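Q:
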Amino acid sequence: MREFLIAGNWKMNGSIAASEELAAGIVAGMPEGGGFRVLVCPPFPYLAAVSRQLEGSAVALGAQNVSAHKAGAHTGETSPSMLKDVGCEFVIVGHSERRAMYGETSVQVATKFQAAQANGLTPILCVGETLQEREAGTTESVINEQLDAVLDAAGVVAFAAAVIAYEPVWAIGTGKTATPDQAQDVHRHIRARLAEEDSALAESVQILYGGSMKSENASGLLAMPDIDGGLIGGASLQASDFLAIAGAAAQG
Ligand code: PGA
Numbered sequence: 001m002r003e004f005l006i007a008g009n010w011k012m013n014g015s016i017a018a019s020e021e022l023a024a025g026i027v028a029g030m031p032e033g034g035g036f037r038v039l040v041c042p043p044f045p046y047l048a049a050v051s052r053q054l055e056g057s058a059v060a061l062g063a064q065n066v067s068a069h070k071a072g073a074h075t076g077e078t079s080p081s082m083l084k085d086v087g088c089e090f091v092i093v094g095h096s097e098r099r100a101m102y103g104e105t106s107v108q109v110a111t112k113f114q115a116a117q118a119n120g121l122t123p124i125l126c127v128g129e130t131l132q133e134r135e136a137g138t139t140e141s142v143i144n145e146q147l148d149a150v151l152d153a154a155g156v157v158a159f160a161a162a163v164i165a166y167e168p169v170w171a172i173g174t175g176k177t178a179t180p181d182q183a184q185d186v187h188r189h190i191r192a193r194l195a196e197e198d199s200a201l202a203e204s205v206q207i208l209y210g211g212s213m214k215s216e217n218a219s220g221l222l223a224m225p226d227i228d229g230g231l232i233g234g235a236s237l238q239a240s241d242f243l244a245i246a247g248a249a250a251q252g
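Listed below in structure tokens is the structure:
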């Protein structure tokens, strides 16, 4: 049985005080029950402060990006061991904003994925198509290219210690959510692609949905057989909104 994972991607928002308040609010309002985990991914400068707020709670800490390098002359970068040191368990790799605005290629994303795992972090690999690609009927081939870069570099076994997030680019921050059926179709495709390599492992991999997920649509999405949680941007910035989504997972 796969657990749900409800992950907040705070992106480049907040301050120390706001991050501490948000983390404390999430810890205080965590739904009862099992079968789900909750994770927050604050901006780098606030990881340490949030880590302290989360101590002793069931809420996990993650980062939004990571360097593929270990140490040394990489001005402005943050290594996987630094993230581990500050208390991160997870790290997002290949978010579409990094691919589109910072030119990260699927091959670079794969090296970050491997560097994260080599340091005991669980990578959350983001994949997803643009509206243009969807309209051109290339959704599956776009996703295959993004997945295959990691499969080629790390092999399917690496997915035993990783999470995938399907995030249609046209749904991110737009208020346009994929319907549960639209999302399920792609989630099924992702699982089937992994199953070509290892069917038992494919069954165990958590595949999150991301893109304007909020309390109003969370239950419908989480009810789909291949949707195992959410990567939530906008609705993760208010404890009550985020906790409502965690609550949907707790009931699911
Ligand atoms: P959104 O962002 O929930 O604001 O659409 C999701 C994401 O980019 O991870």
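Everything in the sequence shown is counted per my numbering, starting at 1 for the first residue and increasing by one.
Note that beta-carbon positions come from the ideal geometry of N, C-alpha and C, so glycine has one too.
Note that the structure is a prediction, hence the values are computed from the model and not measured.
(1) According to DSSP, simplified to helix, strand and coil, what is Tyr102?
(2) How big is the Cα-Cα spacing for Gly233 and Ala200?
(3) To the nearest whole angstrom, what separates the beta carbons of Ala153 and Thr111, a pair I think is in contact under 8 Å?
(4) Which of the three DSSP states is assigned to Thr138 in this structure?
(5) When the Cα atoms are used, what is the spatial distance from Arg98 to Tyr166?
(6) Considering only heavy atoms of the ligand GTP, does any lie closer than 8 Å to the CB of Glu32?
(7) To the nearest angstrom, how far is it from the Cα of Ser219 to the Cα of Thr78?
(8) Which residues in the same chain have their Cβ closer than 6 Å to the Cβ of Ala24, if we skip the five residues on either side of it in sequence?
(9) What number of angstroms, rounded off, separates the C-alpha of Phe44 from the C-alpha of Gly103?
(10) Look up Arg37 in the DSSP assignment and give the residues it is bridged to.
(11) Applying the 10 Å Cβ sphere with the 16-neighbour rule, what's the burial state of Gln251?
(12) Is the Cβ-Cβ distance between Glu140 and Val186 less than 9 Å?
(13) Looking at the ligand PGA, does it come within less than 8 Å of Ile143, judged from the CB to the closest heavy atom?
(14) Does the Cβ of Ile232 lie closer than 8 Å to at least one heavy atom of the ligand PGA?
(15) Compare the C-alpha of Asp226 against each of Ala235, Gln206, Val38, Ala136 and name the closest.
(16) Does the ligand PGA have a heavy atom nearer than 8 Å to the CB of His95?
(17) Would you grab the beta carbon distance between Gly33 and Glu3 for me? Rounded to a whole angstrom, and I think it's under 8 Å.
(18) List the endpoints of the continuous beta strand (DSSP E) containing Pro123.
(19) Which residues does DSSP list as the beta-bridge partners of Ala161?
(20) Ignore the nearest five residues each way along the sequence and tell me which others in Thr130's own chain have a CB closer than 7 Å to its CB.
(21) Suppose the cutoff is 6 Å on Cβ atoms and the five residues either side in sequence are ignored; what does the same chain contact list for Ala68 look like?
(22) Please classify Asp228 as buried or exposed, where buried requires at least 16 other C-beta atoms within 10 Å of its C-beta.
(23) Using a threshold of 8 Å, is the CB atom of Met213 nearer than that to any non-hydrogen atom of the ligand PGA?
(24) Sorry if obvious, but does the Cβ on Glu167 come closer than 8 Å to a heavy atom of the ligand PGA?
A: Straight from the coordinates:
(1) In the three-state scheme derived from DSSP, where H, G and I count as helix and E and B as strand, Tyr102 is classed as coil.
(2) Distance between the alpha carbons of Gly233 and Ala200 is about 31 Å.
(3) Thr111 and Ala153 do touch by the CB rule: their CB atoms are close to 7 Å apart, below 8 Å.
(4) If DSSP states are grouped into helix, strand and coil, Thr138 belongs with coil.
(5) Roughly 15 Å between the two C-alpha positions.
(6) The model depicted lacks the ligand GTP and carries the ligand PGA instead.
(7) Those two C-alpha atoms are separated by around 35 Å.
(8) By the criterion of a C-beta distance shorter than 6 Å, Ala24 is surrounded in its chain by Gln53, once the five residues flanking it on both sides are discounted.
(9) Roughly 20 Å between the two C-alpha positions.
(10) Bridge partners of Arg37: Leu5.
(11) It counts as exposed.
(12) Yes, they are a contact pair.
(13) No; taking the cut-off as 8 Å, the Cβ of Ile143 has no heavy atom of the ligand PGA nearer than that.
(14) Proximity of the beta carbon of Ile232 to the ligand PGA is indicated: a heavy atom of the ligand is located closer than 8 Å.
(15) Closest option to Asp226, Cα to Cα, is Gln206.
(16) Yes, since a heavy atom of the ligand PGA falls inside the 8 Å radius drawn around the Cβ of His95.
(17) About 11 Å separates the two Cβ atoms, so there is no contact after all.
(18) Element bounds for Pro123: 122-127.
(19) Answer is none; Ala161 lacks a bridge partner.
(20) Answer for Thr130: Val169, Trp170, listed in chain order.
(21) Excluding its 5 nearest sequence neighbours in each direction, Ala68 has C-beta neighbours in its own chain below 6 Å: Thr111, Lys112, Ala115, listed in chain order.
(22) That one is buried.
(23) Relative to the ligand PGA, Met213 has its C-beta within less than 8 Å of a heavy atom.
(24) Result yes, Cβ under 8 Å from the ligand PGA.
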